[in-house]
Amino acid sequence: MTSAANSVITDLALAPEGHLKIDWVQAHMPVLNRIRESFEKEQPFKGLKVTISLHLEAKTAYLAKVIQAGGAEVTITGSNPLSTQDDVCAALVEDGITVFAKYNPDPQEYKELLIKSLETRPDLIIDDGGDLVSILHAERTDLLAGVRGGAEETTTGILRLKSLEKEGSLKFPMVAVNDAYCKYLFDNRYGTGQSVFDGINRTTNLVVAGKTVVVAGYGWCGKGVAMRAKGLGAKVIVTEIDSIRAVEAYMDGFTVMSMDEAASIGDYFVTVTGNRDIIRGQHYKVMKDGAILSNAGHFDVEINKPELEQMSVSKRTVRRNIEEFVLEDGRKVYLLAEGRLVNLAAGDGHPAEIMDMTFALQAMGLKYINDNYEKVGNQVVNVPYELDEQVARFKLESLGITIDSLTTEQKAYLESWVEHE
Ligand code: NAI
65 MTSAANSVIT
75 DLALAPEGHL
85 KIDWVQAHMP
95 VLNRIRESFE
105 KEQPFKGLKV
115 TISLHLEAKT
125 AYLAKVIQAG
135 GAEVTITGSN
145 PLSTQDDVCA
155 ALVEDGITVF
165 AKYNPDPQEY
175 KELLIKSLET
185 RPDLIIDDGG
195 DLVSILHAER
205 TDLLAGVRGG
215 AEETTTGILR
225 LKSLEKEGSL
235 KFPMVAVNDA
245 YCKYLFDNRY
255 GTGQSVFDGI
265 NRTTNLVVAG
275 KTVVVAGYGW
285 CGKGVAMRAK
295 GLGAKVIVTE
305 IDSIRAVEAY
315 MDGFTVMSMD
325 EAASIGDYFV
335 TVTGNRDIIR
345 GQHYKVMKDG
355 AILSNAGHFD
365 VEINKPELEQ
375 MSVSKRTVRR
385 NIEEFVLEDG
395 RKVYLLAEGR
405 LVNLAAGDGH
415 PAEIMDMTFA
425 LQAMGLKYIN
435 DNYEKVGNQV
445 VNVPYELDEQ
455 VARFKLESLG
465 ITIDSLTTEQ
475 KAYLESWVEH
485 E
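Under this note's numbering, think of the first position of the sequence shown as 65, with each following residue one higher.
Spelled out as C-alpha cells, the structure:
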C-alpha cells in the first residue's frame, strides 16, 4: 500500500508549502547532507522499517528522508500535539513516507496516532521524550517483538529510559543521543536559547529589553535561555534546586533566588527543568499583572495549568498561542502555547544549522544501534565518541575552519607520566 493510502494527516494539498520548507532546511544542513550521500551508497537500513516520533517540522522531515535514503521504509509521527506542521506532513507523504500526525489532535487521537506508527512493526525507532518506548513497554507489549533498538533525542526521554533500565525492564538497546557533546552543548544550549525567544517574541510581539526574565532550571537549556535573555537586554533571574548549578548561574552573572521570591518580580517566566509544578498556585497568587508564562521543558507539566484554571475567574485566547487568565483580584496572567514547549508549539524549533548536528547524531546513532544491537544488549548507551567527534569535524569542514593537530612531540608529552621539563 502507498504511504498516502496508509497515512493519517490533515490535508495532502498542503504539500507544496511543506516541500519549500524542507528544501530550505536541507540547504542549511551540510553535515546531514554528507551522511545522506554515504547512506545512499551504503544502504545501512535496507529492508528495515523505522518509526520516528519527533517534533514534526521541516528539519525532522529531512532526517526522515535521510533515513529513507539509507534504504528504510519510514513511518513518522509527532512528539507533541502542537509542534506538528501539517504542510510538512503532506510533503512527506508525497515523498513516500507514511505519516500519522496532525496539528492539534485531541489527546486521545494523539495517542492513537503514536500507536498506529508502532503498528507498522518497526525494526528500529527514534523517540523524543520516551513515548514510543513507554507504549511498547506498557500498553502494547505485543508490538515489542522485532524491535532491534533505537535512539532517544532528549533529556526527559533519557531519564525515563534510565529508570526502565534500572528496573531491569528495558527490552531493547537505546542510544542516548542527547548525551553526546554535539547534542547538548549546541542543541540544548544554543538551539533552545535562540528558539525560545523566537517563539516568545513572534507570539507576543512585545519588548524583552528592560524586563525581568525568570529562567527556572540552569541545565544546558536553561543556560542558553538565560544567555539569550541577557543578550536581549533583560534582567535575568535564575531559579534552581541544585547548589552547584545555582553557583554557576551566579558566577555567570545572573541573580539567583527561589521561585517563591522570583514569582512577584518576573515579567516573563521560562521553565526548562524537565520537572513538574515549577510554577504553581502559591506563585500565581503573587505574580505581577501581565506576567507572561512559558515552558521549554519537554512536557507541559512545568507550569501547573489545572491550578491556574482553578484560581481564575475567566480564560480566553487573546492572540494565537496566548491564553489570558483573569485571577480573582483582576490580575491577568498570560500563558503561551498552553504551556507546551514554546519554541516548537509557537515557533519552528531550533535553527537548521543546530539540528544539522543533532540529526547527524540521530542518523549515525541509529546506524550504530542497528549494527551493534546484539552486542549492546538491553541498555541505554552513549553515542560512541568517534561519531560525536566526526559530527564536529564535518561541521568545522562545512564552515571552512581548520584546527591544529598534535605534533608527535606534543602527543608524547601529553601521554607521558614522567616529570615534565
Ligand atoms: P538538565 O538536566 O541539564 O537541566 C535541568 C535543570 O533543572 C537541572 O539543573 C535541575 O537541577 C533543574 N531543576 C530540576 N527541578 C527544578 C526545580 N524544581 N526548580 C528549579 N530547577 C530545577 O536538562 P536540560 O537538557 O536543560 O533539559 C531540560 C528540559 O528541556 C528537559 O525536559 C528536556 O527534555 C527539554 N529540552 C527541551 C528542548 C526544547 O527544544 N525546548 C531541547 C532540549 C531539551
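Here a beta-carbon is modelled for each residue, glycine too, at the ideal position from N, C-alpha and C.
In this text the structure is predicted, and so the values were computed from the model without any measurement.
- By the neighbour-count definition (other C-beta atoms within 10 Å, threshold 16), THR466 is an exposed residue.
- Cβ-Cβ separation between GLY214 and ILE199: approximately 13 Å, too far for a contact (criterion under 8 Å).
- Counting only the Cα atoms, SER181 lies some 26 Å from ASN446.
- Pairing GLY111 with ILE131, the inter-Cα distance amounts to about 12 Å.
- 7 Å or more divides the Cβ of ARG253 from the Cβ of TYR282.
- Spatial neighbours of ALA298 in its own chain (CB-CB distance under 6 Å, excluding positions within 5 residues in sequence) are listed in chain order as VAL272, LYS275, VAL277.
- Along the length of the stretch 301-348, whole beta strand (DSSP E) runs at least 3 residues long occupy 332-335, reported in chain order.
- The alpha-carbon of VAL455 is positioned some 21 Å away from that of VAL444.
- Listed in chain order, the non-local C-beta contacts of THR219 below 6 Å within the same chain comprise ASN242, GLY338, local neighbours out to five positions each way being set aside.
- If you keep only unbroken beta strand (DSSP E) runs of at least 3 residues inside the stretch 174-218, you get 188-191, 213-216.
- The three-state reading of DSSP puts ARG457 in helix, counting H, G and I together.
- The three-state secondary structure of VAL272, taken from DSSP, is coil.
- DSSP places TYR432 in the helix class (H, G or I) of the three-state scheme.
- DSSP places MET375 within a helical segment (H, G or I) once states are collapsed to three.
- DSSP places ILE467 in the coil class of the three-state scheme, outside both helix and strand.
- Setting aside the 5 residues that flank it on each side, LEU196 is surrounded in the same chain by SER117, ILE189, each with a C-beta closer than 6 Å to its C-beta; the list follows chain order.
- With respect to the 7 Å criterion, ARG344 and GLU371 are classified as neighbours on the basis of their beta carbons.
- In this structure, the C-beta of HIS362 approaches the ligand NAI to less than 6 Å from one of its heavy atoms.
- Distance from ILE264 to VAL365 at the Cβ level is roughly 19 Å; contact not present, criterion being Cβ atoms closer than 8 Å.
- At a Cβ-Cβ threshold of 7 Å, THR148 and PHE164 do not count as neighbours.
- Inclusion of ALA327 and VAL300 in the CB contact set at 7 Å is not warranted, their separation being larger than that value.
- According to the DSSP assignment, SER143 belongs to no beta strand (DSSP E), since it is labelled neither H nor E.
- For VAL95, the enclosing alpha helix (DSSP H) stretches over residues 94-106.
- Annotation for GLU473: the continuous alpha helix (DSSP H) segment containing it runs 472-479.
- Beta-bridge analysis with DSSP links PHE250 to no other residue.
- For ASN265, the shortest C-beta to heavy atom distance toward the ligand NAI is 6 Å or greater.
- Within the same chain, and ignoring the five residues on either side of ARG224 in sequence, the residues whose Cβ sits closer than 6 Å to its Cβ are GLY194.
- Inter-residue distance for ASN97 and GLN90 is about 7 Å (C-alpha atoms, whole angstroms).
- Residues ILE99, VAL130 of the same chain have their beta carbon placed closer than 6 Å to that of ALA427, with the five preceding and five following residues left out of the count.
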